[in-house]
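K.L.:
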Amino acid sequence: MLTLIVAAAENNAIGKNNGLLWHLPDDFKHFKQTTTGHYIIMGRKTFESFPKPLPNRTHVIITRQSDYKVPENCIVVSSLQKALKSCPENEEVFIIGGGEIYKQAMPLADKIELTRVHTTLDADTFFPEIGSADWQLVSEQFHPKDEKHAFSFTFLTYRRK
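In terms of the working numbering, the sequence shown opens at residue 1348 and continues consecutively.
#1: Could you tell me the distance, in whole angstroms, from the CA atom of K1399 to the CA atom of F1378?
#2: Quick check: the Cα distance between I1422 and F1502, rounded to an integer number of angstroms?
#3: Which residue wins for smallest C-alpha separation from L1484, given the options A1470, R1404, E1494, T1462?
#4: How many whole angstroms separate the CB atoms of A1356 and T1466, which I take to be in contact at a CB cut-off of 8 Å?
#5: Is it buried or exposed for T1382, if we count other Cβ within 10 angstroms and need 16 for buried?
#6: Return the chain-ordered list of same chain residues with a C-beta closer than 7 Å to the C-beta of F1500, the five sequence neighbours on each side being excluded.
#7: Run through the segment 1378-1464 for me and flag every whole beta strand (DSSP E) of 3 or more residues, listed as ranges in chain order.
#8: Just to confirm before moving on: does the CB-CB distance between G1445 and T1405 stay below 8 Å?
Next up, the structure:
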């Protein structure tokens, strides 16, 4: 099963200058709980936005750089198709960014785990539109703004129709 996991603002903004637009600890916890123990596929810039590889996950990094050096437990490939082939067939695999990788993966995905951040922000990277003809909302859980979260947000799970 191929799952896109993302936090996106109301205008689908997901990042700017290779960084996140917000700090939402409960969204980080959700991301960690959901992806731990799985293969995570990402573009090179997304990988480089981390201080170090995320623990307990196998990183599959898509880059055009043939000599790109990565730490142990990371796999480098040149396309989304090669990334998918490098993952186990009968396990859930997560696409974690960035914008171009999400766009390529959207037609192939079975599920979307979207954290909808209830704000509109300036960005240079966006998540593709979720078309209602293709996707059905199957669960939602609202999280209000509080002292640790500058914005309210909702965890939304979509499955392909």
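No residue lacks a Cβ here, since even glycine has one placed at the ideal position from N, Cα and C.
P.N.:
In this structure, then:
#1: One C-alpha to the other measures close to 16 Å.
#2: So the alpha carbons of these two residues sit roughly 29 Å apart.
#3: The candidate whose alpha carbon is nearest that of L1484 is T1462.
#4: Contact holds; Cβ gap of about 5 Å.
#5: Buried, because 16 or more other Cβ atoms sit within 10 Å of the Cβ of T1382.
#6: Same-chain partners within the cutoff: L1371, D1374, T1462, R1463, V1464, H1465, H1490.
#7: Along the segment 1378-1464, the beta strand (DSSP E) occurs as fully enclosed runs of 3 or more residues at 1386-1390, 1405-1409, 1421-1424, 1440-1442, 1458-1464, listed in sequence order.
#8: Against a cut-off of 8 Å, the Cβ pair of T1405 and G1445 comes out as no contact.
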